[in-house]
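Student: In the working numbering, the protein residues as written are 17 to 347.
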Ligand code: ATP
Ligand code: LTN
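(1) Using only CA atoms, which one of 225, 183 and 22 lies nearest to residue 307?
(2) In chain order, what residues of the same chain lie with their CB nearer than 6 Å to the CB of residue 207, ignoring the 5 residues before and after it?
(3) Closer than 6 Å from C-beta to any heavy atom of the ligand LTN: which residues, in chain order?
(4) Count the other C-beta atoms from every protein chain shown that fall within 10 angstroms of the C-beta of residue 188, then say buried if there are 16 or more, exposed otherwise.
(5) Are the segment 160-178 and the segment 190-201 in contact at 8 Å, needing three or more beta carbon pairs?
(6) Look up residue 75 in the DSSP assignment and give the residues it is bridged to.
(7) Confirm, please, whether the CB-CB distance from residue 202 to residue 256 is below 8 Å.
(8) So, at 6 Å on beta carbons, what are the nonlocal neighbours of residue 323 in its own chain, with the 5 sequence-adjacent residues on each side left out?
(9) Is residue 125 helix, strand or coil when you go by DSSP?
(10) Which two residues bound the contiguous beta strand (DSSP E) that contains residue 24?
(11) Using the beta-carbon count (16 or more within 10 Å), is residue 318 buried or exposed?
(12) Under the rule that 16 or more other beta-carbon atoms within 10 Å means buried, what is residue 94, buried or exposed?
(13) Taking the alpha carbon of residue 266 as the point to measure from, which residue in 138, 127, 111 and 41 has its own alpha carbon closest?
(14) I'd like to know if the segment 146-158 and the segment 55-67 are in contact, where contact means that at least 3 CB-CB pairs between them fall below 8 Å.
(15) Would you say residue 286 and residue 263 are within 8 Å of each other, going by their C-beta atoms?
So, in structure tokens, the structure goes:
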């Protein structure tokens, strides 16, 4: 008998255009995992409104993100691909889980601290409870693995704690998920400031998947490095160069040692454009395919509709179980 495949859930907010960081930290892994696992990949629009969005942009970016997921190599026949707000069970489970999450736990989340600093005039309850909604996303589908970048590890660990607590009170209900973080590319830094993460809501130093080859070349030529000339991996002393090395290796599949020796004695004037070229070649087919898919709205609509239907069927099963355990009267 065929063994049951393990389940994967992951998502990205349509809060900005997808970046090289989201690709190398998350999507690249999603593609690698799609054959071996039973996967759900979501466009988490409900997470995106935890900071203010322009409605027309949010709508447009959600569709663009779906086209880019597919263009990156995710196959809608192999994976369940959907938009979070189309499956109401996410919000419903989130309410219940919020009643099993401590104020103190949420206060310790570094993403909350960062974002409340950045949006000091609009620190909403939604921004604070964001990790509870993320826990609901994962637990609704009984996911075993959650492929994300390093910055999301803390949220997946909190999700695990919430699940464990609920299971402890009511008997086994949720699968305990594990974060799945890539070895190379887990944390891509900004090209302009290698001490901060490349982030789509922070255009400075960001490379977008849809950037033209010219724009990519320009951004890499201008990338911040240091006043030495050696192409050497040393994140403490040489954060900019180390970030470029990480990007080069993740884009080409070469090892760090191979790359360091290939560029030995050549200086940044050769190295920086070479990283740019590697990224241009990586992004070219993605950009072309995404552009083609965006011209076929009917196809994209059929993908997200079918995805939401399949997701809701799985989600409803978990939600019923949870409602019963907490003592709600059956409908
Ligand atoms: P925002 O600026 O709106 O917070 P973001 O650019 O940080 O967005 P997310 O939507 O938070 O991106 O992240 C999408 C996925 O990509 C997550 O799994 C996250 O861990 C990963 N990721 C995002 N940025 C990077 C990065 N710079 N390096 C590696 N992985 C990243
Ligand atoms: N918080 C994540 C996005 C996200 C997510 C999820 C990732 C929302 N729900 C569930 C994995 C699993 C982020 O990238 N900022």
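Even glycine gets a Cβ: it sits at the ideal position worked out from N, Cα and C.
A quick note: this is a predicted structure, and the numbers were derived from the prediction, not measured.
Tutor: Straight from the coordinates:
(1) Residue 307 sits at position 291 when you count from the first residue of the chain shown. That would be 225, whose Cα lies nearest to the Cα of residue 307.
(2) Translated into the one-based positions of the chain shown, residue 207 becomes position 191. These residues qualify, in order along the chain: 221, 235 and 239.
(3) 25, 26, 27, 28, 29, 60, 63, 150, 153, 154, 162, 164, 168 and 171
(4) Walking along the chain shown from the start, residue 188 turns up at place 172. So residue 188 ends up on the exposed side.
(5) yes
(6) Within the chain shown, numbered from 1, the residue matching residue 75 stands at position 59. Note: residue 75 sits in no beta bridge, so no partner.
(7) Looking up residue 256 in the chain shown gives position 240. Looking up residue 202 in the chain shown gives position 186. No, they are not a contact pair.
(8) Against the chain shown, residue 323 aligns to sequence position 307. Excluding residues within five positions, the ones whose Cβ falls inside 6 Å are 96, 97 and 98.
(9) Counting from one through the chain shown, the residue named residue 125 turns up at place 109. Correct three-state label for residue 125: coil.
(10) Stepping through the chain shown from its first residue, residue 24 is reached at position 8. Residue 24 -> beta strand (DSSP E) spans 23-28.
(11) Sequence index remark: in the chain shown, residue 318 carries index 302 (1-based). It is exposed - the Cβ of residue 318 has fewer than 16 other Cβ atoms within 10 Å.
(12) In the chain shown, residue 94 corresponds to position 78, counting from 1. When all chains shown are included, residue 94 counts as exposed.
(13) Your numbering for residue 266 matches position 250 in the chain shown. Answer by Cα proximity: 41.
(14) yes
(15) Reading the chain shown from its first residue, position 270 is the one you call residue 286. Reading the chain shown from its first residue, position 247 is the one you call residue 263. Annotated as distal: residue 286 and residue 263, with beta-carbon spacing of 8 Å or more.
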